[in-house]
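The structure appears right after this line, and notes come after that.
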DNA sequence: CCACTGTGTATCAACACAGGTACATAGCAG
DNA sequence: CTGCTATGTACCTGTGTTGATACACAGTGG
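Chains as they are written, first to last, in the UniProt record's numbering: chain A, 1 to 108; chain B, 1 to 108.
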C-alpha cells in the first residue's frame, strides 16, 4: 500500500490511472495523454506495475495495460479506517461535552 | 488534494497522521515517535499544514497539532469515485458477457 | 532474413526532497 | 533583561526521481 501511495503522489501517474479507469489502454495511448516522452511513460508504468496498480497483457507488439484496483481499495480502506477513528474520537469528545464535563480526569 | 496525496506518500508523515488520529499532540511528542530529529519533524509538519492535513494551536510554548480530515475525505472521495467507475466498467463488461456476446460490434 | 511498429532500458542532467547541524524566534519564570 | 523550554527556519548534503536522448528488444509482415 505504501508503494501505491507513492505512485499516487505523481500527477502523470494519476492521469494514467484515471485513463485506465475507463478501460485498458496501450502504453502508446497513455503516452499520448501526457506531455512527456514515451520512455518516461514506460517508467511510470513500471512504477505502477511494481505498486500492483496495473497489470499488463501482451497483444502482438502492443502492451495493454489495465487497472488493478486492489491496492487502491487498500488505500481506500486505510483512509476509511483512519477517518473513522478520527470521527470516533470526535464523537467521544462530544459525548464528554454532553456529559457536562463533570468528570475531570487528568489524561496526561 | 494533490498536496495531500504527496504528503501521504511519506512514511514519517503517515506515522504522524496516524498518531494525530488518536488525538492532538505537540511537535515534540510527534518527534518522539520518529527516528528523525526535531527539525525534520517540523518540516514534515509544515508540509502537512500546507496540505491542510493538520492545524496548529498554540498553548504556551507548545504547538498542539490536530488532524484536519477534510483533505483526506477528499482523497477518499476521489478513490471511491475512481473505484466506482472501474467497477461500473467491469459491470458493463459482465452485462455484455451475460448477453451472450451476441452483438459483436467493432469497438476500436 | 529485413524493414517497420511498439515498447522497455541505459545513461546522464536537472530538480526535488529528507535529514542533519547550527541558529533564530517565541513564550514562560525570575 | 537572562536562562530555559519548545519549536520553526536556513543552509548544506546525500539520495531519489523525472525527463530526455540513444539504444535494445519483441513481434508483424514480406
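Even glycine gets a Cβ: it sits at the ideal position worked out from N, Cα and C.
Since we're looking at a predicted model, the values are computed, not measured.
Taking the C-alpha atoms as reference points, what is the distance between residue i and residue j?
i	j	result
residue 6 of chain B	residue 60 of chain A	37 Å
residue 64 of chain B	residue 42 of chain B	12 Å
residue 85 of chain B	residue 15 of chain B	30 Å
residue 78 of chain B	residue 2 of chain B	11 Å
residue 39 of chain B	residue 46 of chain A	34 Å
residue 13 of chain B	residue 62 of chain A	39 Å
residue 87 of chain B	residue 80 of chain B	10 Å
residue 106 of chain A	residue 32 of chain B	Model confidence at residue 106 of chain A stands at a pLDDT of 41, short of 50, so the residue's coordinates are unreliable; what they give is reported in the following sentence. Cα to Cα, the separation comes out at about 21 Å.
residue 36 of chain A	residue 11 of chain A	12 Å
residue 91 of chain B	residue 52 of chain A	22 Å
If we define contact as Cβ-Cβ less than 9 Å, is residue i a contact residue for chain B?
i	result
residue 29 of chain A	no
residue 50 of chain A	no
residue 73 of chain A	yes
residue 80 of chain A	yes
residue 106 of chain A	With a pLDDT of 41 at residue 106 of chain A, under the threshold of 50, the modelled position of this residue cannot be trusted; read the value that follows with caution. Chain B, which has no Cβ nearer than 9 Å to the Cβ of residue 106 of chain A, makes this no.
residue 21 of chain A	yes
residue 9 of chain A	yes
Can residue i and residue j be called in contact, C-beta distance under 9 Å?
i	j	result
residue 4 of chain A	residue 72 of chain A	yes
residue 34 of chain B	residue 67 of chain B	no
residue 83 of chain A	residue 76 of chain B	yes
residue 89 of chain B	residue 22 of chain A	yes
Would you say residue i faces chain A, with C-beta separation under 9 Å as the test?
i	result
residue 85 of chain B	yes
Worksheet item: Are the stretch 44-63 of chain A and the stretch 20-33 of chain A touching, with three or more C-beta to C-beta distances below 8 Å?
Response: Yes: the two stretches touch, three or more of their Cβ pairs being nearer than 8 Å.
Discussion item. Can you pull out the residues from the stretch 43-67 of chain B whose beta carbon lies closer than 8 Å to at least one beta carbon of chain A?
Written reply: Here the close residues are 67.
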